[in-house]
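Just below is one structure, and these are the notes that go with it.
Residue numbers (the numbering used here): 3 to 546.
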């Protein structure tokens, strides 16, 4: 062991610096819970002046999915989770404490197992699958705790001669921990950064440390790696709480200082009247890739996760609206003990704020980058009409009340479609009832606005001009005037704004009308308003 410790010396870091890690298994896509844990781990390390590393925990060969490591690396990169040490997409590694794949650290685990064997804390077990199954059946019949422990640990105290005979026969074996006898009431106190002191049953199971193929179990591998790689804080999901006594026991038996542990509750979802953990099988939003496909900005997802993690983030953001979220002082100790509830409405609200604070050029660049991966035809349209689209996206941007209608990049194709003549749909199932309710007199207003529209005037002058046209045709300039003398008017200005929106966009809601018309240009505005006026007139004629 001395030689191994020379290869992995204690890290030279400032006092108080924390070393954390993210240790995903390459068994498929990365879960949003994995991104959540990695974000908390990364911020915990870097805000303390410490170090965050990535370790691929790939000792379960049966469950490994080809390409999963690349998915993990891609997801961390997409969401800006920067690690200081670990593997890369290029196949290389950064850092002096590797290899950073557990499958390449077999020699280290076997050396530690030899040490445990020498100290009498481990033993070879030749129990067959059939024997283990019979044991489980008998335990179930007797209604006693299942497992390999006490008198059920049939190879725990076998003689050296028995072991040598089994080896001579070429029998398959594993190496098991020889769990020490529990003291006192059989319970232990273990500290947790989030949950405080835990009073839990001590481990009495002779767990497998080294499998028959020579690879370690997670229990052994993570203890060895966290020790040799200098991990100070293990931040992980609370599904590992039941294994915590085993891990603490292994650290103690090896004479190594335990890292601090923090067990995070999972992200949950409301289903009917109950809550459950986000499921890879049932919930598309459980996959990190879903957020990329939908086009949620990286920053929106990160801020949403910070909001789930630390209840103080929301107030901090209100007090610091333009600050980088990396400056938020996240504290593991403040994390909620109960599961955070996934809320798509909250994520969308945060995303609106993030996109609303961006410039038109930034929105264009981000939408183009998204489309190049997920919507190639739209990417080609963006590239071919770059200046026009930037002008579209600049509508109401930078104003005192900036537009916040875009939730995610996948909204941009539909939100901008009406600006393009080949995509414009003046009437559909949603808008047709609105068209059918239009008063015939609005046609004349549309024609007058079409002929006289001047994009060079300012917005206020244009607004007064349209109000004057409306008054000439019997429409009140505002709601106050209409309410005072409703019998005098055919309607009010809101009806004119409504028909202009239907004529120009085919929908009742748009950003600022004057800006929309200015970006579209006089020719397109004239064509659409004239076409709408003709439709209203034709419908009135048909009705007699």
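Even for Gly, the Cβ is constructed at its ideal location relative to N, Cα and C.
Following the DSSP letters along the chain, one finds residue 79 in no beta strand (DSSP E) but inside the alpha helix (DSSP H) bounded by residues 70-80. Per DSSP, residue 380 is one residue of the alpha helix (DSSP H) stretching across 378-386. A distance below 8 Å separates the beta carbons of residue 99 and residue 87. Its Cα nearest to that of residue 155, the residue 182 stands out among 28, 324, 182. Here residue 113 is exposed, its C-beta having fewer than 16 other C-beta atoms within 10 Å. With a 10 Å radius around the Cβ and a threshold of 16 neighbouring Cβ atoms, residue 69 comes out exposed. Residue 201 holds the alpha-carbon nearest to the alpha-carbon of residue 244 among 491, 201, 10, 185. When secondary structure is reduced to three states using DSSP, residue 111 falls in the helix class. As computed with DSSP, residue 494 is found in a beta bridge with 478.
Counting C-beta atoms within 10 angstroms of its own C-beta, residue 312 has 16 or more neighbours from the protein chains shown and is therefore classed as buried.
No Cβ-Cβ contact shorter than 8 Å links residue 366 with residue 231.
In the DSSP assignment, residue 280 falls outside any beta strand (DSSP E), carrying neither H nor E. Scanning the segment 112-162 from its first residue to its last, the whole alpha helix (DSSP H) runs of 4-plus residues come out as 131-144. The continuous beta strand (DSSP E) containing residue 194 extends over residues 189-194. A direct Cα-to-Cα measurement between residue 267 and residue 129 gives close to 36 Å.
Here residue 98 carries a coil assignment [DSSP, helix/strand/coil]. Ranked by how close their Cα comes to the Cα of residue 191, the residues 263, 145, 158 have 263 in first place.
Between residue 126 and residue 177, the beta carbon gap of about 6 Å places them in contact (Cβ cut-off 8 Å). Beyond the five residues adjoining it in sequence on each side, residue 103 comes within less than 7 Å, by CB distance, of 58, 60, 89 in the same chain, given in chain order. Counting other Cβ atoms within 10 Å of its Cβ, residue 247 reaches 16 or more and is therefore classed as buried. Per the Cβ contact rule, the segment 271-285 is not in contact with the segment 213-225 (fewer than 3 Cβ pairs under 8 Å). Between the alpha carbons of residue 319 and residue 220 lies a gap of roughly 39 Å. For residue 525 and residue 297, the gap between their C-alpha atoms comes out near 33 Å. Per DSSP, reduced to three states, the secondary structure at residue 10 is coil, with no helix or strand assignment. As computed with DSSP, residue 55 is found in a beta bridge with 23, 87. About 6 Å separates the beta carbon of residue 397 from that of residue 518, a gap short enough to meet the 8 Å contact definition. DSSP, reduced to helix, strand and coil, places residue 410 outside both helices and strands of the structure shown, so it counts as coil.
Ranking 522, 206, 170, 25 by CA distance to the CA of residue 503 puts 522 first.
With respect to residue 501, residue 455 sits apart: the two C-beta atoms are not nearer than 8 Å.
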